[in-house]
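The listed protein sequences derive, respectively, from chains D and U.
Under this note's numbering, the first residue of the first sequence carries the number 105, and numbering increases by one thereafter.
Under this note's numbering, the first residue of the second sequence carries the number 105, and numbering increases by one thereafter.
Just below is one structure, and these are the notes that go with it.
2 protein chains.
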Amino acid sequence: MNRYSTKDIFKRLGLAAVMVLSAMVSEAQQKATWIWYPGDYEIWLANKMQNRRTERGSFFPPFWRLDNHYVLMDFHKVFDLAQPEEVELLVEGDYNVKLDAKLISGAPKKITIPAGKHKVNIKVHNQQYVPAIFVQGKTIVSDSSWQVTYEDKEWIDETGKVSDQSGTKWLNAGYWNFNDPQVRPSAFQLNREPQAAVSNVRQPQSLFVDFGKETFGFVKLHGLKGKGKISIYYGESAEEAKATETCETLDHLAIDLSSKKDSVMNLSKAFRFVNIQMDNGVSLDSVSMLYEYLPLSDRGQFRCSDEQINKVYDVAKYTMHLSTREFFIDGIKRDRWIWSGDAYQSYLMNYYLFFDSPTVSRTLAVLRGKDPVTSHINTIMDYTFYWFLGIYDYYQYTGDKTFIQQFYPRMQSLMDYCLGRRNKNGLMEGLAGDWVFIDWAEGLSKKGEVSFEQLLFARSLETMALCAGIVNDAEGAAKYKGLAADVKSKLFANYWNEQKGALVHSRVNGVQTENVTRYSNMFAIFFDYLTNAQKQSVKKNVLLNDQVQKITTPYMRFYELEAFCALGEQKYVLKEMKDYWGGMLNLGATSFWEEYNPNRKGAEHYAMYGRPFGKSLCHAWGASPIYLLGKYYLGVKPTSAGYATYIVEPVLGGLKWMEGKVPTPHGNVSVYCSNKQIKVKGDEGRGTLRFKSKKRPDVKGGIIEAKGDGIYELTIEPGKEYVVDYVPVAEKISTGTVKSKENQNGKGI
Amino acid sequence: MNRYSTKDIFKRLGLAAVMVLSAMVSEAQQKATWIWYPGDYEIWLANKMQNRRTERGSFFPPFWRLDNHYVLMDFHKVFDLAQPEEVELLVEGDYNVKLDAKLISGAPKKITIPAGKHKVNIKVHNQQYVPAIFVQGKTIVSDSSWQVTYEDKEWIDETGKVSDQSGTKWLNAGYWNFNDPQVRPSAFQLNREPQAAVSNVRQPQSLFVDFGKETFGFVKLHGLKGKGKISIYYGESAEEAKATETCETLDHLAIDLSSKKDSVMNLSKAFRFVNIQMDNGVSLDSVSMLYEYLPLSDRGQFRCSDEQINKVYDVAKYTMHLSTREFFIDGIKRDRWIWSGDAYQSYLMNYYLFFDSPTVSRTLAVLRGKDPVTSHINTIMDYTFYWFLGIYDYYQYTGDKTFIQQFYPRMQSLMDYCLGRRNKNGLMEGLAGDWVFIDWAEGLSKKGEVSFEQLLFARSLETMALCAGIVNDAEGAAKYKGLAADVKSKLFANYWNEQKGALVHSRVNGVQTENVTRYSNMFAIFFDYLTNAQKQSVKKNVLLNDQVQKITTPYMRFYELEAFCALGEQKYVLKEMKDYWGGMLNLGATSFWEEYNPNRKGAEHYAMYGRPFGKSLCHAWGASPIYLLGKYYLGVKPTSAGYATYIVEPVLGGLKWMEGKVPTPHGNVSVYCSNKQIKVKGDEGRGTLRFKSKKRPDVKGGIIEAKGDGIYELTIEPGKEYVVDYVPVAEKISTGTVKSKENQNGKGI
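Here's what the structure looks like:
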């Protein structure tokens, strides 16, 4: 249909078109991105985010140490060019440029690098923002292959000769997704999208607005006019927005406007309802909001025969979207800080929904911060260990060695901090300033050597051994392996009580206490630290034993339900999901709560921490069904790093059918499972489908292997779909009466 | 003479006057000052200063690590009030205020603290500037009695009860002289004062301006008009300002002004001459400058019978003024960084001129920076040790324990870094990244275990032992004392060579080298590490031995001349001063140079580091006569911390008479000395006047004590003047031919 051929177009447009095409080609060749010192931008961005928390208009920052970026940074790379190349430089900060160690005059925006082998150094100073550069040439681009250092130890002798024994430590540059030269890292903001209210109730000097569901963003006041004060009371519930004296967040404004003007609030807030109160003389046309979010795709999917579970999954998904922001945060209304224990659960859920590795590594980076280590992460001993566990899982799910290579020294110094705080028995015991948290539970003892901490400590040491291997630190690997084995053997020697058939809670002054709690026992199950006999013993004596103090927080319910799943109790867990999460849905929840107690009534549900609206109605840990459904129903999990190998072990748990996708680094594992048929496909790696069948199943696309006990296995090759017709074995359900109970107190400092 | 009595005034002025008076009273009662975390403001300010260096228009920052402030700070103090008190709050940053752990709504500018015992916490976040507060009430003020922390380890249990075992480390707040609430620390700038040019030479499109002497500040262009470019070439010499292609500093501007306008340059520069070149179409009325300086008083004074020495003293004083700024810097034209070895000499000179302790402690604080220690200070091993030595002297001269108490943990971690880098013999030997500097000297070996480094190491360990005692760390004191004794004994065991009658330069692979250098030998003299016999041996075999490699840098000449003085060779040193510093004056120097070689001619004097104008014509270390004249001619030095006791040992060194003042923490020691009479007075502490006399002297005001060998002593009580008539013993002068030689290379990285 074109009137001109391509050749004609070139003729007509001449050079300009050729240049455009050539620019397109070069763009395809090399992709530049803004780069910085690894971890520094994360620290800077977290400082911004964590200091945006307010409580009824007061600034409310974290109580732990916040780190800071290096203000002076050296970036370099050596290039070997066939032809001279002009490159554009964009820099956040004051800077100089050296070509082959020779300073170029001024602060050049473009330089030409001659053909041959040449070294480019860019030194950047920035106190307020993180030193960052964007370099764009035809083949020369800024990316993670550049080397960075905050300290150049190349000294010279009296003849000007550079030392031959440099002590400079170079790291690969850090980056995220700042691929547009014009969008500087310092200008980062989450995406914004206008959203309209669902209902408005207007009274003479007030407006009550409902956005229809929990949301997060900036309230926008339209057509504001007059002189006087306006107060905005936010509510996750209508009750909260109406409770002007006790709602958790608010804004006060004073205006003096002779003509109508729109005004957007400075700080984003979490809310569904907005109650606007105005002085006489102030008027307002309407209220909308700018939804603020991190744009992430739902790579994981889940659908099943139970519509309530489907709804649970959708609301859990929305909960995760709301709480996955600059970093993984816990509650969107109140905390808005990064807690290592809470983030750990978000990492796990993320692997079954977004599979967004940068948000995991950003969160891990900022939680670790910088040396020296002066405190446990968030000041909490267990939260330090969750950080190590997070790396263990991160590597297992993503196979990304880079983060480990770059952060191994900081892993070492954090572990050194822990090792330096062992007691005379070589165990972790709270010292002054160590918050032994475990869980919010009435009367829970933190005295002496708590078994739960040793268990997490052992797993952390295993993580160190794993990572030492990845960075080729053979000495470290041996050291950490030995330490891990030692702590693990002490765990069983000191805490396993044959009579109780369980790990006891603690030792005080070297003596086992009588107390059995669920924590170390349930973690030992899915850490696979127990023999099968021990697992069954723990199930009976702890998990299904009403005499053992109940778990009352959704935080620990996450692990308790995981332990049940790991024991094959999916039927029980499905029932729990329907009761607990379904219960919230029945109360109109549009995102999942920090805590839910079915025995409460009305606005009682919103109270926590002794405050009538202290509870967060959108809390990351409330989204755990995403993880449970993906890992223990669809049954997909990696068995070696980055899904090089993985297993698919579908368990219907009482559902008639289910289907879904679990994301892997570069693809998905798709699973369908009904009472008759299993369909599975994986895009990468080598999977194993494992299932039980009463009779030898039929399979299309592969060869089934009988493993005995009615268990069958099938190897999943990448890109191939397998269809298996089978006869499922009836699933058991234990008659335990474990139920969620009221949360006594919350981490609402 | 007043027409009104005070009572009348009150009547006439009414309440307003009463309020003014009451404000004056309360101001007298308590003095508020801006406070921050100790060391943080210093780091921030040094980042600003050290990143202002340019080289021919290019940004030229340090190569070592720059630290950063804590962005989140908690300030608190407990008050016990007889009456409620309203206090004003000024804060640099976002903040909240807690009264008795309860958050006050919003960001209050005033709060009222009730009568009784109450705790006020102010939490401040500031990424760009250092979190700082100014609190002003009647009795409640912000000062160093407030406690600060970057990390609050007060966690709570599930009942909300605060932990009874806090791990929070509190320090006393840091401060300087920001006593005006309206002058925020972030807005700090040095004082500025307009200065006019001394001469102008105008040509059609240029103006050549002479300010008459070396100066530092901002060039101001008056009556600038037109469109085009202007270039400003700065020169410490006329030759440099004229050498547009090779002068060290310059500014380029582009203007487009239809009417006349004045313009002040952004960055201050060091210069005497300014060469302005303008495009056609650009015109300029005149040029002046804003002299930029830290306002400090000359508390030390010196006058004598030799007018050339008086001139040397005055120019040395001006050199010190120019190089004492936000911090002690070395050269004002080029470096403008803080080098520990150079600053160490400034501290010493400062004690005999300004006695400005804050500039010493600011400089010490920023050189140390923060943990972790990843490098020697300025990457140089000896510079780490000078830092410890600086603290030793700081305490001896000022008696200020606070700095030591606050920084002892950072002293420990820096010493731990050193201890961790000892070789298998327990000695300091350069590892990768350790710059063993010592001095710029041709062929000077840095290989193996260098004796000079062990000597500084021993003194540093002695400093640690001293400071451990001050902070009541008995264990540390014993440890460091033992380590110091060990290193000192190894120094003599490994390096003292009886045959050579000197310390040799180094050991390589455990074997003494044959090389003898001056460094460790001259330091051993004034560290008093040698017996008298050893001192005489070193004097003969090293200091006066032309076969031993000569000192060619003024940096090490400082110590060489000090060693001569410590050996009583003031006559020789006076001659050196007249030759060397007098030589610079003869060449028209208005401040003292980085280096001076009398054999050079004309513009050759300005060359260094292979650059025609690489030499700094105003370098702090050039001001050493201030120190030598005060300490070894007037002869005043503390013998215990803060001049609690001190000695006055005047030595004329060939002068007919001299008089002067040496500052002490809260006063001065005044000394007059001629061939006939000594007059001395001290404002504080207990001094000892010591001198030689051929016959028993007459004394007014005290009792003289004969010590034998013609030595007499007199105790100086505070506030009393003593007049001694005596008959001096002839001073010796050694016939050594030690002369300054050309500096081969300089630390001009």
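Glycine included, C-beta positions come from ideal geometry on N, C-alpha and C.
Query: Thinking C-alpha only, which one of U:L457, U:T428, U:Q381, U:W761 is nearest U:V305?; Result: U:Q381
Query: Taking Cβ to Cβ, would you say D:W280 is nearer than 9 Å to D:T158?; Result: no
Query: What is the rounded straight-line gap between the Cα of D:I807 and the Cα of D:E788?; Result: 19 Å
Query: Do three or more CB pairs link the stretch 704-714 of chain U to the stretch 762-775 of chain U at distances below 8 Å?; Result: no
Query: Run through chain D and tell me which residues come within less than 9 Å of U:A211, C-beta to C-beta.; Result: G161, S162, F163
Query: Hey, quick one: how far does the beta strand (DSSP E) through D:P767 stretch, first residue to last?; Result: 761-768
Query: So, for U:A205: in the same chain, excluding its five sequence neighbours on each side, which residues have a beta-carbon less than 6 Å away from its beta-carbon?; Result: none
Query: Does any C-beta atom of chain U lie closer than 9 Å to the C-beta of D:G537?; Result: yes
Query: At the level of alpha carbons, what is the spacing between D:K474 and D:N703?; Result: 45 Å
Query: Under the three-state reduction of DSSP, which class applies to U:L738: helix, strand or coil?; Result: coil
Query: For D:N283, which residues of its own chain have a beta-carbon under 6 Å away from its beta-carbon, when the five flanking residues on both sides are left out?; Result: T137
Query: Using 10 angstroms around the beta-carbon of U:R800, count the other beta-carbons present and answer buried if the total reaches 16, otherwise exposed.; Result: exposed
Query: Look up U:K135 in the DSSP assignment and say whether it is helix, strand or coil.; Result: coil
Query: Mind listing the chain C neighbours of D:W259? Cutoff is C-beta to C-beta under 7 Å, in chain order.; Result: Included in the structure are the protein chains D and U, with no chain C among them.
Query: Nearest to U:H222 by alpha carbon, out of U:I237, U:K214, U:L185?; Result: U:L185
Query: Evaluate contact between the stretch 379-396 of chain D and the stretch 320-340 of chain D, counting only Cβ atoms and requiring at least three cross-stretch pairs below 8 Å.; Result: yes
Query: Give me the chain D residues within the contact set of U:S461, using Cβ-Cβ distance strictly less than 8 Å, ordered along the chain.; Result: Correct list: empty, because the minimum Cβ distance to chain D is about 27 Å.
Query: Just to confirm my understanding: we take D:G877, look at its own chain, exclude 5 residues before and 5 after, and list those with CB closer than 7 Å. What are they?; Result: Residue 877 of chain D is absent from the model: chain D starts at 105 and stops at 853.
Query: If you follow the beta strand (DSSP E) that D:A374 is in, where does it begin and where does it stop?; Result: 373-382
Query: Just mark U:L572 as buried or exposed, buried being the case when its beta carbon has 16 or more other beta carbons within 10 Å.; Result: According to the sequence provided, residue 572 of chain U is Ala. The question's Leu does not apply to it. Buried.
Query: For U:G547, tell me which candidate among U:R156, U:H609, U:P462 has the shortest Cα-Cα distance.; Result: U:H609
Query: How many angstroms separate the CA atom of U:Q405 from the CA atom of U:L457?; Result: 7 Å
Query: Distance, Cα to Cα, D:T749 vs D:Q500?; Result: 10 Å
Query: Between the stretch 168-188 of chain U and chain D, which residues of the former have CB atoms less than 9 Å from a CB of the latter, in chain order?; Result: W168, R169, L170, D171, N172, H173, Y174, V175, L176, D178
Query: Take the Cβ of U:P218 as the centre, count every other Cβ of all protein chains shown within 10 Å, and call the residue buried at 16 or more, exposed below.; Result: exposed
Query: If the cut is a Cβ gap below 9 Å, which residues of chain U does D:T819 touch?; Result: The premise fails here: D:T819 is roughly 49 Å from chain U at the closest Cβ pair, so nothing lies under 9 Å.
Query: Taking only three categories from DSSP, how would you classify D:L193?; Result: strand
Query: Would DSSP call U:C408 helix, strand or coil?; Result: strand
Query: Answer yes or no: does any C-beta atom of chain U fall closer than 9 Å to that of D:Y663?; Result: no
Query: With contact counted as at least three CB pairs below 8 Å, one residue from each stretch, are the stretch 383-394 of chain D and the stretch 293-301 of chain D in contact?; Result: yes
Query: Is there contact here, the stretch 530-547 of chain D with the stretch 567-585 of chain D, by at least three beta-carbon pairs under 8 Å?; Result: no
Query: Using a 10 Å radius around the Cβ and a threshold of 16 neighbouring Cβ atoms, would you call D:S593 buried or exposed?; Result: exposed
Query: Report the option in U:K735, U:Y141, U:V775, U:G771 whose CA atom is closest to the CA atom of U:M453.; Result: U:K735
Query: Would a C-beta distance cut-off of 9 Å place D:R438 and D:S720 closer than the cut-off?; Result: yes
Query: With a cut-off of 8 Å, do at least 3 Cβ pairs link the stretch 374-388 of chain U to the stretch 320-340 of chain U?; Result: yes
Query: Starting from U:L325 and walking both ways along the beta strand (DSSP E), at which residues does that stretch end?; Result: 310-339
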